[in-house]
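Residue numbers (our numbering): 4 to 133.
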């Protein structure tokens with residue numbers, strides 16, 4: 004399947020149905036329309052950070068598997084939004100002392116890990132395992 008701007012959030016909702024309420028609230032802030040894929044991915048990342056805090060490992064595993072698939076099979080717009088909207092928003096608040104860092108590291112696929120590694124290098128940060 005080719006993931007595009009038009010279908011990627013629908014696919015996210017299939018994999019993470021509990022995100023639907025947060026997603027609807029996000030859409031309501033934008034008069035029912037997408038705010039743009041990068042902002043949509045930032046909203047997904049905010050929800051995902053809550054999943055980490057609640058240690059929702061199964062839901063996180065499914066989501067990160069989809070993120071990696073989208074990194075491989077998405078249009079360039081989707082790949083860019085996942086990288087700059089989702090992955091950066093996931094990694095930015097994490098420190099070496101973050102309790103869920105080992106879970107995050109275990110969930111990152113090859114492309115996601117490579118992007119996070121480059122992002123951390125660019126921002127002058129390091130995280131064990133990435």
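Ideal Cβ positions, reconstructed from N, Cα and C, are used throughout, including at glycine.
Asked, Found
"Determine the direct distance from the alpha carbon of residue 117 to that of residue 14, and round the result to whole angstroms.", "23 Å"
"Less than 7 Å between the C-beta atoms of residue 92 and residue 45, yes or no?", "yes"
"To the nearest angstrom, how far is the alpha carbon of residue 9 from that of residue 102?", "35 Å"
"Have a look at 105, 99 and 110 and flag the residue whose alpha-carbon is nearest the alpha-carbon of residue 123.", "99"
"Quick one: residues in its chain with C-beta nearer than 7 Å to the C-beta of residue 54, no 5 flanking neighbours on either side, listed in chain order?", "62 and 63"
"How would you label residue 33, buried or exposed, when you count the other beta carbons within 10 angstroms and need 16 or more for buried?", "exposed"
"Can at least three beta-carbon pairs, one atom from the segment 10-30 and one from the segment 63-76, be found at a separation below 8 Å?", "yes"
"Between residue 42 and residue 88, how many whole angstroms is the CB-CB distance? I'm expecting something under 8 Å.", "7 Å"
"List, from N- to C-terminal side, the alpha helix (DSSP H) runs of 4 residues or more that fit wholly inside the segment 65-123.", "79-84, 91-94 and 104-110"
"Can you give me the C-alpha to C-alpha distance between residue 79 and residue 72, rounded to a whole angstrom?", "13 Å"
"On the DSSP bridge list, what partners appear for residue 6?", "77"
"Quick check on residue 77: buried or exposed, where buried means 16 or more other Cβ atoms within 10 Å of its Cβ?", "buried"
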